[in-house]
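Enquirer: First the structure, then my questions, so here it is.
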Amino acid sequence: MTGILDGQIALVTGSSRGIGRATALELAHHGADIGLNYVHDEAAAESVASEITSQGQKAIVIQADISDPKQATYLVEETHRQLGGLDILVNNAGIARDRSVRNMSIDEWQDVVDTDLNGVFYCTRTALQFMTETGGGHIVCVSSVVAQTGNYGQANYAAAKAGVIAFAKSVALEVAQFDIRVNVVAPGFVLTDMAEGLPDDVKVNVLDRIPLTRYGLPENIASTVRFLVTEGEFITGAVFNVNGGMYM
Numbered sequence: 003m004t005g006i007l008d009g010q011i012a013l014v015t016g017s018s019r020g021i022g023r024a025t026a027l028e029l030a031h032h033g034a035d036i037g038l039n040y041v042h043d044e045a046a047a048e049s050v051a052s053e054i055t056s057q058g059q060k061a062i063v064i065q066a067d068i069s070d071p072k073q074a075t076y077l078v079e080e081t082h083r084q085l086g087g088l089d090i091l092v093n094n095a096g097i098a099r100d101r102s103v104r105n106m107s108i109d110e111w112q113d114v115v116d117t118d119l120n121g122v123f124y125c126t127r128t129a130l131q132f133m134t135e136t137g138g139g140h141i142v143c144v145s146s147v148v149a150q151t152g153n154y155g156q157a158n159y160a161a162a163k164a165g166v167i168a169f170a171k172s173v174a175l176e177v178a179q180f181d182i183r184v185n186v187v188a189p190g191f192v193l194t195d196m197a198e199g200l201p202d203d204v205k206v207n208v209l210d211r212i213p214l215t216r217y218g219l220p221e222n223i224a225s226t227v228r229f230l231v232t233e234g235e236f237i238t239g240a241v242f243n244v245n246g247g248m249y250m
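Count the sequence shown with this note's numbering and you get residues 3 to 250, in order.
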C-alpha cells in the first residue's frame with residue numbers, strides 16, 4: 003500500500019501493546035515501515051508485526067530495555083540497519099511504580115526515571131546521529147497529563163514525564179537547524195492494559211475529572227502522533243494535550 007508516509011521509517015518504543023501498538027499500526031497504515039520494540043511480551047510484538055506486514059509494510063521486532071543505555075542504543079542502531087534509515091522516532095515506552103513518596107523505595111523511584119526519562123534521552127541521542135546526517139525527521143515523545151498536574155502516589159512518574167517535556171523543548175531548539183521537529187503528546191486517562199487494572203473506584207474518580215465524560219483510547223493518541231509527523235511541518239517544541247479536558 004502507499005500513503006502519506008510511504009518510504010518513511012519509524013521506530014516506536016514500547017510498541018507491543020497500548021498506545022505504542024496503536025501508534026505503530028497507525029503509522030504503518032499510512033505507509034511507514036516500522037521498528038517495533040518490546041521487553042517481555044514477544045508474542046504480542048510479533049502479533050503487531052504480523053498486522054503490519056499484512057498491510058504490505060515492513061516490520062521488525064527488537065527486544066530492548068531502553069532503561070539500559072547500551073540496549074537503547076542497539077535498538078535505534080539496529081532499526082536503522084535493518085530498515086535502511088530512520089525518519090521518525092516515537093518515544094513511547096514507559097512504566098509506573100505508584101506509591102506515596104513516604105513509602106517509595108529508591109529502586110521504585112529510579113526504575114521509573116531510568117525508563118521514562120533516561121530512556122528517552124538514550125534513544126533520542128542515538129536517533130539524532132542519523133537524522134542530523136540525512137537532514138529532517140520527527141521525534142515525538144509521549145508524556146502524560148500528570149506531568150502538568152501532578153498526581154497522588156505518582157511523584158516518580160510525574161517527575162519523569164515532566165522531564166520529558168522539558169527535554170523535548172530543549173532538543174527542539176538544538177535540532178531545528180537540521181529541520182528536525184521534536185514534539186510532545188501528553189495523554190490523559192487512556193484505556194490501556196495498565197489503566198484497566200486500576201480499581202473501579204479509581205476509574206470512576208478519574209472519569210469525574212474529564213469534562214468530555216469519557217476515557218481516551220490508544221487510537222486517540224496514535225492519530226495525534228500521526229498528525230504531527232505528517233502535517234506538523236511548522237510545529238516543534240509543542241505539547242499536545244490529549245486528555246478530554248483534564249488539563250487545559
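A virtual CB, placed ideally from N, CA and C, is assigned to each residue, including glycine. Note that the structure is a prediction, hence the values are computed from the model and not measured.
Suppose the cutoff is 7 Å on Cβ atoms and the five residues either side in sequence are ignored; what does the same chain contact list for G246 look like?
Expert: Position 244 of the sequence shown, counted from the first residue, corresponds to residue 246. Around G246: G190, I212, P213, L214, R216 and G218.
Enquirer: What separation, rounded to the nearest whole angstrom, lies between the Cα atoms of L38 and A178?
Expert: For the purposes of this step, residue 38 is taken as the residue at position 36 of the sequence shown. For the purposes of this step, residue 178 is taken as the residue at position 176 of the sequence shown. So the two alpha carbons sit approximately 26 Å from each other.
Enquirer: Counting Cβ pairs closer than 8 Å, one from the region 22-40 and one from the region 3-13, do we hit at least three?
Expert: Result yes; three or more Cβ-Cβ pairs closer than 8 Å.
Enquirer: Across which residues does DSSP place I90 in a beta bridge pair?
Expert: If you number the sequence shown from 1, residue 90 lands on position 88. I90 is bridged to A12 and H140.
Enquirer: Got a sec, what are the start and stop residues for the alpha helix (DSSP H) D203 sits in?
Expert: The residue given as residue 203 occupies position 201 in the sequence shown. Start and end: D202 to L209.
Enquirer: If you drop the 5 nearest sequence neighbours on each side, which residues of the same chain put their C-beta closer than 8 Å to that of I223?
Expert: Along the sequence shown, one-based indexing puts residue 223 at 221. Correct list, in chain order: I21, A24, T25, V144, V187, P189, V192 and V244.
Enquirer: Determine contact between the region 105-122 and the region 75-88, defined as no fewer than three beta-carbon pairs at a distance below 8 Å.
Expert: Contact between the region 105-122 and the region 75-88 is absent, because fewer than three Cβ pairs lie under 8 Å.
Enquirer: Using the rule of at least 16 other Cβ atoms within 10 Å of the residue's Cβ for burial, across every protein chain shown, is K163 buried or exposed?
Expert: One-based indexing of the sequence shown puts residue 163 at position 161. The residue is buried, with at least 16 neighbouring Cβ atoms inside 10 Å.
Enquirer: Closest to N185 by C-alpha separation, out of S52, L27 and R228, would be which residue?
Expert: Working through the sequence shown from its first residue, we reach residue 185 at position 183. Of the listed residues, the one whose Cα sits closest to N185 is R228.
Enquirer: Label M250 either buried or exposed according to how many other C-beta atoms from any shown protein chain fall within 10 Å of its C-beta, with 16 as the threshold for buried.
Expert: The residue given as residue 250 occupies position 248 in the sequence shown. Under this definition M250 is an exposed residue.
Enquirer: For Y159, count the other beta carbons within 10 Å of its own beta carbon; 16 or more makes it buried, fewer makes it exposed. Which is it?
Expert: If you number the sequence shown from 1, residue 159 lands on position 157. Y159 is buried by the Cβ-count criterion.
Enquirer: Just confirm the distance between the C-beta atoms of V92 and A12, as a whole number of angstroms; I'd bet it's less than 8 Å.
Expert: In the sequence shown, residue 92 corresponds to position 90, counting from 1. In the sequence shown, residue 12 corresponds to position 10, counting from 1. V92 to A12, Cβ: 7 Å. Contact.
Enquirer: If you count every other CB in all the chains shown that lies within 10 Å of the CB of D210, and 16 or more means buried, which is it?
Expert: In the sequence shown, residue 210 corresponds to position 208, counting from 1. D210 comes out exposed.
Enquirer: Pop quiz: C27 and I54 are said to be a contact at Cβ under 8 Å. What is the actual Cβ separation, rounded to whole angstroms?
Expert: The sequence position of residue 27 within the sequence shown is 25, counting from 1. The sequence position of residue 54 within the sequence shown is 52, counting from 1. According to the sequence displayed, residue 27 carries Leu and not Cys. Contact holds; Cβ gap of about 7 Å.
Enquirer: What are the residues that DSSP puts in a beta bridge with F242?
Expert: Here residue 242 refers to the residue found at position 240 of the sequence shown. Note: F242 sits in a beta bridge opposite V187.
Enquirer: Can you give, in chain order, each stretch of the alpha helix (DSSP H) that sits fully within the region 16-81 and has at least 4 residues?
Expert: Within the region 16-81, the complete alpha helix (DSSP H) runs of at least 4 residues are 20-31 and 44-56.
Enquirer: Using three-state DSSP, classify G218 as helix, strand or coil.
Expert: Stepping through the sequence shown from its first residue, residue 218 is reached at position 216. G218: strand per DSSP, three-state reduction.
Enquirer: On the premise that T128 lies in contact with A74, defined as a C-beta separation below 8 Å, what is that separation, rounded to the nearest angstrom?
Expert: The residue labelled residue 74 in the question sits at position 72 within the sequence shown. The residue labelled residue 128 in the question sits at position 126 within the sequence shown. That pair is a contact at about 7 Å.
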